[in-house]
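Asker: For reference, the structure I am asking about is given below.
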Amino acid sequence: MMGLLLAVLIGFIAMAFLSFIPILGPILAGFIAGLIAGGGAWEGAKAGFLSGLVGGVIGAFLLISLATMLRGFCMGRGFCGGLFAAVIGLGLILLSIVHALLGLVGGAVGGAIRGRT
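Heads up, the sequence shown is in our numbering, so the first residue is -9 and it goes up one at a time.
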């Protein structure tokens, strides 16, 4: 259990540094988490998924901060504010799901490689 938590923490840190690479960033971070978790593809997939989920949540907080800063622009325009909130909410859901799934793929590969050695 402690190895899984360590793998998720390091995978999250890697995701924070690799987030500027659109698709490969979450896969590489999940791969790193899977390598650290060990225990085969299943343990690596769990570590990659959890690190991707945590990374997606942090990205969601960044988008919420951006939405809060831009809220002043839409203040007083009823439809614009509601539309802006709906778009940001959909973006948050998609961001978390994509990061988690890409982290799962990378973690499964990393765990499988570590399990064979």
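Even glycine gets a Cβ: it sits at the ideal position worked out from N, Cα and C.
All values reported here derive from a predicted model rather than from experimental measurement.
1) What three-state label does DSSP hand Ser9 in the structure shown?
2) How close, in whole Å, do the beta carbons of Ile78 and Leu53 come, if the pair is a contact with beta carbons under 8 Å?
3) If you draw a straight line from the alpha carbon of Gly49 to that of Gly105, how long is it in whole angstroms?
4) Please state the DSSP three-state secondary structure of Gly42.
5) Expressed to the nearest angstrom, what Euclidean distance is found between the alpha-carbon atoms of Leu(-4) and Gly45?
Answerer: Looking at the coordinates:
1) In the structure shown, Ser9 falls within a coil segment according to DSSP collapsed to helix, strand and coil.
2) Sure, about 6 Å apart at Cβ, within 8 Å.
3) Rounded to the nearest angstrom, the two C-alpha atoms are 31 Å apart.
4) Residue state, collapsed to three classes: helix.
5) Distance between the alpha carbons of Leu(-4) and Gly45: 15 Å.
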